[in-house]
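Asks: Dumping the structure here so I can ask a few things about it.
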Amino acid sequence: SCGRLLANYRGGDIELFDFRSELPDGDPEATPYMDLSDSSLPTSRVYLNSTRSYKGRINEQTCAKEVRFLCQGAAVASGGDCGHFYIWSTESTELLRKLPADRCVVNA
1 SCGRLLANYR GGDIELFDFR SELPDGDPEA TPYMDLSDSS LPTSRVYLNS
51 TRSYKGRINE QTCAKEVRFL CQGAAVASGG DCGHFYIWST ESTELLRKLP
101 ADRCVVNA
């Protein structure tokens, strides 16, 4: 999904970031950004704005779980430490499914 980044945090939450190449409203010093001045991209900064959080699963045992968009970006999916596979609505962040996938940790 172009312009969006999913980040999987240890502790449980998944954050959706919206990439912007222009300065968002608000204090520029308080807005997180990536410095791209050493890259060949047409901008020197990309601002990162967390737009949504996906909650409802536990992620304490491992720090590297895959998180990805499904269904042309309509859903977000990831595994959990409890052996379940989770699917959320991208827009509403509602947990749509919690499916048993393994007896242990599901990293993908």
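FYI, the working numbering numbers position 82 of the sequence shown as 82, with every residue one higher than the one before it. Glycine is no exception: its CB is placed at the ideal position from the N, C-alpha and C atoms. It should be emphasised that the depicted structure is a prediction, and the values quoted were computed from it without experimental measurement.
Given that a residue counts as buried once 16 or more other Cβ atoms are within 10 Å of its Cβ, and exposed if not, what is Tyr54?
Replies: Answer is buried; the Cβ neighbour count reaches 16.
Asks: How long is the line joining the alpha carbons of Arg10 and Leu16, rounded to whole angstroms?
Replies: When rounded, the distance between both Cα atoms is 15 angstroms.
Asks: Take the Cβ of Pro78 as the centre, count every other Cβ of all protein chains shown within 10 Å, and call the residue buried at 16 or more, exposed below.
Replies: Correcting the residue type first, residue 78 is Ser in the shown sequence and not Pro. By the 10 Å Cβ count, Ser78 comes out buried.
Asks: Just how far apart, CA to CA, sit Tyr57 and Gln72?
Replies: Strictly speaking, residue 57 in this sequence is Arg, with Tyr absent from that position. Taking the straight line from one Cα to the other gives about 23 angstroms.
Asks: Considering only heavy atoms of the ligand SAH, does any lie closer than 7 angstroms to the CB of Trp88?
Replies: Although the ligand SAH was asked about, the structure shown includes no ligands whatsoever.
Asks: Under 8 angstroms between C-beta atoms, does Ser50 make it to chain C?
Replies: Absent from the structure: chain C. Only one protein chain is present.
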